[in-house]
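Start counting at 1 in the sequence shown, then tack on 871, and there's your number in the numbering used here.
Worksheet: the structure to be examined is printed underneath.
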Amino acid sequence: MRKTIVAGNWKMNGTSESIRDLLAGLTAGAKDSAGVITLVCPPAVYISQVKQWLGSAPISVGAQNVCEQPKGAFTGENSLAMLQDLGCEYVILGHSERRSLFGETDLLVAEKFAAAKEAGIVPVLCVGETLGQREAGQTIEVVGAQVAAVIDRVGINGLSDAVIAYEPVWAIGTGLTATPEQAQEVHAAIRKQLAQNDEVIAEQLSILYGGSMNAGNAAELLAQTDIDGGLIGGASLKADEFLTICAAAADSRK
């Protein structure tokens, strides 16, 4: 059975004080639900503190990005060895903001994916289309190319134990959300693409929805056959709302 994952991408938000308060709320309401993984991805400078403050709480910790290079003269970057040293279990790769604002290409994302797999850190591969691409009917083509770049680099076996997050760019931070049917269509297309290479990996791989999932729409989205959780942005900064999404994820497994 596929794992259900609810991941909070805090982006460039938080201070020591606000993060401590957020974690206090999350740990007070977190439940150790079998098969449902709760994950938080703070800014890199707070990863160590988050690990410490979480203690034994059933919440995993990931990073928002990583450099594909092992070490060297890459000012401002963080390596996979550094993430390992801090106890990171996951790393988000290819988020639309990294692609659009920082020029990350499909090939670079694929290199980061390969490096994460080699380091034993679970990559959360983000894929998605812009509004213009959706309106032009290019959604499946664009998303398929982003997935194919990774398959070409690591092979289909490289996606074993990885995670994919479909995040329609036009629905991130805009308040817009793909309908459950729109989201399911793309998730199913991703799984079909994977199945053409390996049906077992396709069936076992978790595909998250990452387009403004919130407490109000989570249950309906998570009820879709191929949606295995959420990559949550703004709602992950509010303990009550994030926990509501986690509860909806647990309910979707029943």
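For every residue, glycine included, the Cβ atom is placed at its ideal position computed from N, Cα and C.
None of the values given here were measured: they were computed from a predicted structure.
Contacts around residue i, its chain only, beta-carbon distance under 7 Å, and the 5 residues preceding and following it disregarded
i       : result
Thr823  : It is not possible to answer for residue 823, since the shown part of the chain is limited to 872 through 1125.
Ala986  : Glu939, Leu951
Gln1064 : Gly1015, Val1018
Val993  : Glu960, Tyr961, Asp1032, Ala1033, Val1034
C-alpha distance - residue i paired with residue j, whole-angstrom precision
i       : j       : result
Ala1121 : Lys942  : 39 Å
Val1013 : Glu1112 : 31 Å
Gly974  : Ser1107 : 26 Å
Met883  : Lys1109 : 15 Å
Glu1006 : Val1025 : 31 Å
Ala899  : Gly1008 : 45 Å
Thr1096 : Met872  : 12 Å
Val1071 : Gly1044 : 34 Å
Gly947  : Leu954  : 14 Å
Leu1076 : Asp1032 : 7 Å
Ser887  : Ala1073 : 39 Å
Residue range of the beta strand (DSSP E) that includes residue i
i       : result
Val932  : 931-934
Ile1103 : 1100-1103
Cys997  : 993-998
Cys912  : 907-912
Ala1036 : 1034-1037
Test item: CB-CB of residue i and residue j under 8 Å
i       : j       : result
Thr875  : Val907  : yes
Val1034 : Lys983  : no
Ala915  : Thr909  : no
Ser1123 : Leu1102 : no
Gly896  : Val932  : no
Ile1027 : Val995  : no
Chain-order list of residues whose beta-carbon lies under 8 Å from that of residue i (same chain, five-residue window excluded)
i       : result
Ala1049 : Pro1039, Ala1042, Val1057, Tyr1080, Gly1082
6 Å CB neighbourhood of residue i in its chain, flanking five on each side removed
i       : result
Asp977  : Gln1017, Ala1020
Cys1117 : Val877, Thr909
Ile1011 : Ala1060
Span of the alpha helix (DSSP H), counted from its first residue to its last, around residue i
i      : result
Leu878 : Reading the sequence as shown, one finds Ala at residue 878 and not Leu. From DSSP, Ala878 is part of no alpha helix (DSSP H) but of the beta strand (DSSP E) over 875-880.
Ser971 : 967-973
Val980 : 977-990
Thr898 : 887-900
Sufficient close CB pairs (3 or more, under 8 Å) joining the region 912-924 to the region 887-898: yes
At least 3 beta-carbon pairs within less than 8 Å: the region 912-920 vs the region 1087-1097: no
Segment contact flag, the region 1045-1056 with the region 1013-1027, C-beta cutoff 8 Å, min 3 pairs: no
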